[in-house]
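Single-structure report; data block below.
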Amino acid sequence: MPTNAPPPAPTPAPAPRKTETRKPGAPVEALHINRRLDMVLDTIATQNRSIRYAPGFRIQVYVGTQRKEVDAARLLISQEFPELSPYLSYNQPTYKLKVGDFMRRMDAERYYASIRRLIESAQLQPDKVDIRRSLLIK
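Next up, the structure:
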């Protein structure tokens, strides 16, 4: 009896497997290259750990000749912003108080706006900053 059923779909032939032929010297050569690359990367990592300072920004809070005023400014900033490190320098007869270690200007400007509300004479200045401390500022 004839049936009107469609003929079964042909099944595709299995794809021939690729057999990789490896050269006996290839893995040893790759290991040699990997070792050399690891040595270079370790050297770079060691050099990067030794870098302590980079260009960045600090906020200058006070410039003047009065020791009491600079101490008051440092106390105010340390109470309001304990996460910012103060840097006091004295070059006779002038005291300068700078705070913060900012790698990016955008972060510095955010703190600058807050500090400016407390101390109107504050200024944002480019400076060398401590990289490790800059990573601690949120």
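Under UniProt numbering, the sequence shown has 99 at position 99, and the numbering climbs by one with no breaks. Even for Gly, the Cβ is constructed at its ideal location relative to N, Cα and C.
- About 12 angstroms separates the CB atoms of Asp130 and Phe57; that is not less than 8 angstroms, and the two are not in contact.
- The beta carbon of Tyr112 lies closer than 6 angstroms to those of Ile59 and Leu124 in the same chain, with the five residues before and after it left out.
- For Ile137, no beta strand (DSSP E) encloses it, and the DSSP letter there is neither H nor E.
- In this structure the stretch 87–101 lies against the stretch 70–77, because at least three pairs of beta carbons, one per stretch, are closer than 8 angstroms.
- Per DSSP, the continuous beta strand (DSSP E) segment holding Ile59 begins and ends at Tyr53 to Gly64.
- Taking the Cβ atoms as the reference, Ile77 lies roughly 6 angstroms from Val61, within the contact range of under 8 angstroms.
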